[in-house]
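Below: one structure, written as structure tokens.
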Amino acid sequence: VGEIFSSVLVLPTDLERLSVVDTQTSELMAHAPPIAEPESVRANIALAVLELCTNIVKHAYAGERGKFMLTLSLADAPWRVEVITCDHGHCRFDASRWAPPDMDQSPVHGLGLFLMQSLMDKVIYSPDSTCTRWQMVKFLQVNGCALGTGCSFGIMREPASALATGDAR
Amino acid sequence: MQKKGFQPDMSAALHRSYSPVAVLPIRGRFDAPQVPHVQQEFDSLLAAGAAFIILDLAEVTDVDSTALAVLVRGMKRCRERNGELLLCGLPPPVSTIFALTRMDKAFRIFNDEASARAAI
Chain A
1 VGEIFSSVLV LPTDLERLSV VDTQTSELMA HAPPIAEPES VRANIALAVL
51 ELCTNIVKHA YAGERGKFML TLSLADAPWR VEVITCDHGH CRFDASRWAP
101 PDMDQSPVHG LGLFLMQSLM DKVIYSPDST CTRWQMVKFL QVNGCALGTG
151 CSFGIMREPA SALATGDAR
Chain B
1001 MQKKGFQPDM SAALHRSYSP VAVLPIRGRF DAPQVPHVQQ EFDSLLAAGA
1051 AFIILDLAEV TDVDSTALAV LVRGMKRCRE RNGELLLCGL PPPVSTIFAL
1101 TRMDKAFRIF NDEASARAAI
């Protein structure tokens, strides 16, 4: 019970270098048990991670050169993918001023965080004195298991409009 | 700790055809690193007089929020010229993201270029 696979990357603040997220997500998901629509789940997780990393490069560092840490983990009980980033960008996200974009107005801002929240089950922002930390969790629906049957598996979803600060639960 | 060598995907090859109706095919990843290249092609088409632009996404493998934002900006710029930005050939993974962000309501989306042309 616990962590099955983990990958830690130190990424430069270069958008061109973020394509590594896709291959790392594939490698992580290769260790997951059989799940429904595995390619769709993999692609959604990869996109959410890419959006998070893109936001760090574009907004937290805002053009400054630097590095940030990305940790991708697969864990069980329940089966889930956990994503954690730690950056030292000077421009910190202000959760108190953030509002979800009005998707009926074809927005051009806030789409990245909207996608992260829509594609993942948890999005947690927790800046502290050591770094600015984002955590995302995606629970995996393992084939043959159902809620309440004793399988180590669960599905939870945060409301798309609720940005978690600290532990959302 | 695992690290992998970086393999940049620069396959978003672009082609242009200057006319009031222009077609812009995009291939491969359509995300933040590729957006400046697409934006440049888009600007060239507008500068050449195109008002209706058909973006052929049939061979796009991935799309992200940066790409969606540039499409919205492109749509607005086409409308300023009394034109329109139309999309065609969206593969299922791309369609999913469009539906999730409700972009499928903001754009007219067609199965292929011929259908998009016929709608202009």
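Protein chains in written order, with the working numbering: chain A, 1 to 169; chain B, 1001 to 1120. For each residue, glycine too, the CB sits at the ideal point set by N, CA and C. Since we're looking at a predicted model, the values are computed, not measured.
Distance CB(residue i)-CB(residue j) smaller than 8 Å
i: Trp-79 (chain A); j: Ala-46 (chain A); result: no
i: Cys-1078 (chain B); j: Ile-1109 (chain B); result: no
i: Ile-1053 (chain B); j: Ala-1032 (chain B); result: no
i: Gly-112 (chain A); j: Glu-51 (chain A); result: yes
i: Lys-122 (chain A); j: Val-81 (chain A); result: no
i: Gly-2 (chain A); j: Asp-87 (chain A); result: no
i: Thr-132 (chain A); j: Gly-66 (chain A); result: no
i: Arg-42 (chain A); j: Ser-26 (chain A); result: yes
i: Ala-1106 (chain B); j: Ser-106 (chain A); result: yes
i: Val-57 (chain A); j: Ala-1069 (chain B); result: no
i: Leu-9 (chain A); j: Leu-74 (chain A); result: no
Own chain partners of residue i with C-beta closer than 6 Å, once the 5 adjacent residues on each side are dropped
i: Ile-84 (chain A); result: Thr-71 and Gln-135
i: Ala-1058 (chain B); result: Gly-1089
Buried versus exposed, by CB contacts within 10 Å (16 or more), residue i
i: Asp-1112 (chain B); result: exposed
i: Gly-63 (chain A); result: exposed
i: Gly-1074 (chain B); result: buried
i: Gln-1039 (chain B); result: exposed
i: Gly-1049 (chain B); result: exposed
i: Asn-55 (chain A); result: buried
Start and end residues, beta strand (DSSP E) containing residue i
i: Gly-110 (chain A); result: Per DSSP, Gly-110 (chain A) belongs to no beta strand (DSSP E) and is neither H nor E.
i: Pro-12 (chain A); result: 3 to 12
i: Cys-1088 (chain B); result: 1084 to 1088
i: Glu-82 (chain A); result: 80 to 87
i: Ala-1047 (chain B); result: First-last for Ala-1047 (chain B): 1035 to 1047, but that is the alpha helix (DSSP H), not the beta strand (DSSP E).
i: Leu-72 (chain A); result: 67 to 75
Continuous alpha helix (DSSP H) stretch holding residue i: start and end
i: Ser-1065 (chain B); result: 1065 to 1080
i: Ile-1120 (chain B); result: Segment: none, Ile-1120 (chain B) is in no alpha helix (DSSP H) and carries neither H nor E.
Same chain, Cβ closer than 8 Å to residue i, five either side skipped, listed in chain order
i: Ser-1115 (chain B); result: Cys-1088
i: Cys-91 (chain A); result: His-59, Ala-60, Tyr-61 and Ala-62
Own chain, CB closer than 7 Å to residue i, minus 5 neighbours either side, in chain order
i: Asn-143 (chain A); result: Pro-34, Ile-35 and Ala-36
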